[in-house]
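Worksheet: the structure to be examined is printed underneath.
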């Protein structure tokens, strides 16, 4: 599992919690990925363009622009990249809202390295 993915896989992590960003950076690093970070939805939207990233892991609850608003805006822009919700709410209603807003999948916090690995494999079955 370690170093499975190429560092060329461009991943954006939008998360307002510094400790969670550090954990995800560590997990992605062990998988061979050097992630980029946004601390809120507005910053993530400013960083995203047609070819900037291959995948986004986005917290649902963030300041300025929350994840639900941000992913809806990403879809309005026509960006087809996978966007994965990160949430503490293991609630079917929240899951439904995430999918309706444009998220492709979701992870429940606390997130493990195995969770991230499985999610990446789902969208990138071959090492990129």
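Numbering (this note's numbering), first residue to last: -14 to 113.
Here a beta-carbon is modelled for each residue, glycine too, at the ideal position from N, C-alpha and C.
Under 7 angstroms between C-beta atoms of residue i and residue j
i           : j          : result
residue 51  : residue 68 : no
residue -10 : residue 7  : no
residue 4   : residue 13 : no
residue -1  : residue 43 : yes
Per DSSP, cross-strand counterpart(s) of residue i
i           : result
residue 106 : Answer is none; residue 106 lacks a bridge partner.
residue 5   : Per DSSP, none; premise fails for residue 5.
Any non-hydrogen atom of the ligand SAH within 6 angstroms of residue i CB
i          : result
residue 76 : Ligands are entirely absent from the displayed structure, and the ligand SAH is therefore not among its contents.
Host alpha helix (DSSP H) of residue i (start-end)
i          : result
residue 55 : 52 to 61
residue 74 : No alpha helix (DSSP H) holds residue 74; DSSP gives it neither H nor E.
Close-in-space but distant-in-sequence residues of the same chain around residue i (CB under 7 angstroms, 5 per side omitted)
i           : result
residue 87  : 56, 57, 59, 60 and 68
residue 108 : 40 and 67
Endpoints, the beta strand (DSSP E) within which residue i is located
i          : result
residue 92 : 90 to 93
Other residues of its chain near residue i: CB distance less than 6 angstroms, five sequence neighbours each side excluded
i          : result
residue 29 : -1, 23 and 55
Spatial neighbours of residue i in its chain, beta-carbon cut-off 8 angstroms, leaving aside the 5 residues before and after
i          : result
residue 25 : -1, 1, 47, 48, 49 and 50
Would you check if there are 3 or more beta carbon pairs closer than 8 angstroms linking the segment 30 to 37 to the segment 72 to 88?
-> no
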